[in-house]
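If you use the working numbering, the sequence shown corresponds to residues 548 to 714, in order.
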Amino acid sequence: MASEHDIQTIKRQEAELVFDLFDEAAAFDIGAAIRKRALKENLPIIVDIRTFDRPLFYAAMPGSNASNPDWARRKINVVKRFLKSTYRMVLEQQRPDRTFKPGEGLDIADYVLAGGGFPITVKNAGVVGVIAVSGLPERDDHGVVVQALCAHLGKDAEALALPASDA
548 MASEHDIQTI KRQEAELVFD LFDEAAAFDI GAAIRKRALK ENLPIIVDIR
598 TFDRPLFYAA MPGSNASNPD WARRKINVVK RFLKSTYRMV LEQQRPDRTF
648 KPGEGLDIAD YVLAGGGFPI TVKNAGVVGV IAVSGLPERD DHGVVVQALC
698 AHLGKDAEAL ALPASDA
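Structure (structure tokens):
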């Protein structure tokens with residue numbers, strides 16, 4: 548069952564984790580921080596950071612696999628289409644088959660309901676790109692991105708974190 552509290556927390560994350568400026572240096576710093584954490588904690592993930600017109604950072608950690616980039620690509624497409632976090636979409640849509648309702652017209656080859664895609668929002672510009680992580684359970688993929696954004700933007704990660712999962 549979707550937690551309304553989790554949805555509200557993610558909306559708060561999306562509202563507060565906003566850049567004054569996002570550029571190649573910011574993408575590199577955030578990607579490098581996620582990579583460093585992944586190596587330290589042995590997280591088998593990939594990280595893909597991009598604006599909607601081009602890739603800016605990509606890294607694959609030991610233990611990640613050939614399907615992770617495709618999951619990230621489909622998460623990126625969801626953020627690009629809906630301009631919100633993919634984990635929020637998972638909680639709002641409640642579709643265990645990971646697909647969108649047939650009426651949405653979104654091909655499963657290109658769109659997936661799975662957490663780990665987070666919008667890059669720039670003040671006075673809106674959503675300009677995506678940070679996607681793939682390889683962990685979706686709530687954890689989401690958390691990795693949120694923690695990295697909090698650190699980069701000087702926000703309190705604990706105050707913006709989702710509560711520990713019951714699963």
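We put the CB at the ideal spot given by N, CA and C, even for glycine.
Start-to-end residues for the alpha helix (DSSP H) that takes in residue i
| i | result |
| --- | --- |
| G682 | First-last for G682: undefined, no H or E at that position. |
| K634 | One detail in the question is off: residue 634 reads as Tyr in this sequence, not Lys. Residues 633-640. |
| F647 | Premise fails: F647 is in no alpha helix (DSSP H) and is neither H nor E. |
| I623 | 615-629 |
Residue i versus residue j - alpha carbon distance
| i | j | result |
| --- | --- | --- |
| C697 | V565 | 10 Å |
| A619 | V692 | 13 Å |
| V594 | D688 | 10 Å |
| S719 | K670 | As displayed, the chain neither begins before 548 nor continues past 714, which places residue 719 out of reach and without an answer. |
| K583 | N589 | 10 Å |
| E651 | D576 | 36 Å |
| A704 | Q694 | 6 Å |
| P609 | I596 | 18 Å |
| F647 | N624 | 13 Å |
| L660 | L709 | 18 Å |
| R628 | P684 | 23 Å |
| D644 | A672 | 34 Å |
| S550 | P591 | 27 Å |
| K558 | G662 | 14 Å |
| A613 | S681 | 11 Å |
| A572 | G676 | 14 Å |
| A580 | D553 | 25 Å |
| L586 | G578 | 12 Å |
| V674 | Y658 | 18 Å |
Coarse secondary structure for residue i, derived from DSSP in three states
| i | result |
| --- | --- |
| P666 | strand |
| L700 | helix |
| P602 | strand |
| V674 | strand |
| V565 | strand |
| I715 | Past the edges of the chain, shown from 548 to 714, lies residue 715, and the structure says nothing about it. |
| I593 | strand |
| A574 | helix |
| A656 | coil |
| A661 | coil |
| A607 | strand |
| A695 | helix |
| A711 | coil |
Exercise for the section: Could you tell me whether the stretch 634-646 touches the stretch 598-613, where touching means 3 or more Cβ pairs closer than 8 Å? Expected result: no
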